[in-house]
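In my numbering, the protein residues as written are -6 to 238.
Here's what the structure looks like:
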């Protein structure tokens, strides 16, 4: 019993949360192979934790990406709540050594690691409320959420190219139309050309940044018109300061 209590204390330090009810933490860590009955395992907690994880991630994406459409948000959410990501979070928190499994289980697969993460989410929710569960999720999934943001920022050009090739069978071209500022702080204005039409332009502190923001503006313009590229965007180029906001 003393060994189990020590294990639970070390687990709490690893996850950054102290349970009021240590029996609940034990159930979070108990795989069905070591439980007296299936109801004594973490399976029901896994069921609840999966939904809480989805809620918190959906809310985070909704607040963080106001310009994305439903389909894009759904794709990002599916990646973030996947078994593979949950298993990586479990590895980062070093949960493997705390999982209670039967003697016949020689190794712990990623599916069990992922299930324990979802069980802990549910356990923290029951023990401390949604705010504590949300904090645990955002802390545990911080690296994955950051990677997701970077991938989304880097993906505007590929999204635009996929769209124009599907609709018009053309590839966007990016043209530097203007430069300003001293050599050590140069800024570039890039316009997107789709077929014979120049669509959008945007400023950036590098050509790559300007191209990404011009692609984003073009995607927004295409979404507004809901037509194939035929009408130019008469809006003024976005400045880097406007982009950063």
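Beta carbons: idealized from backbone N, C-alpha and C, even for Gly.
Assign residue i to one of three DSSP states: helix, strand, or coil.
i           : result
residue 6   : helix
residue -3  : helix
residue 186 : strand
residue 134 : coil
residue 12  : coil
Indicate whether residue i and residue j have their beta-carbon atoms separated by less than 9 angstroms.
i           : j           : result
residue 183 : residue 168 : yes
residue 192 : residue 161 : no
residue 117 : residue 107 : no
residue 53  : residue 113 : no
residue 44  : residue 36  : no
residue 46  : residue 22  : no
residue 132 : residue 9   : yes
Could you please give the first and the last residue of the uninterrupted beta strand (DSSP E) stretch that includes residue i?
i           : result
residue 197 : 190 to 197
residue 170 : 166 to 173
For residue i, report the span of its alpha helix (DSSP H) as first-last.
i           : result
residue 119 : 103 to 121
residue 160 : 149 to 160
residue 16  : 15 to 22
Closest to residue i by C-alpha separation, out of the options, would be which residue?
i           : options            : result
residue 122 : 152, 94, 42        : 42
residue 187 : 132, 110, 210, 137 : 210
residue 140 : 175, 70, 15, 171   : 70
residue 110 : 38, 199, 177, 15   : 38
residue 206 : 133, 153, 179      : 153
residue 82  : 178, 104, 142      : 104
residue 170 : 151, 59, 200       : 200
residue 79  : 98, 66, 50, 61     : 50
If we cut at 9 angstroms on Cβ distances, does residue i have a partner in chain D?
i           : result
residue 207 : Considering every chain present, this structure includes no chain D. It has just one protein chain.
Where in the region 26 to 99 do unbroken runs of the alpha helix (DSSP H), each at least 4 residues long, occur, reported from the N-terminal end onward? 36 to 57, 63 to 73, 76 to 85
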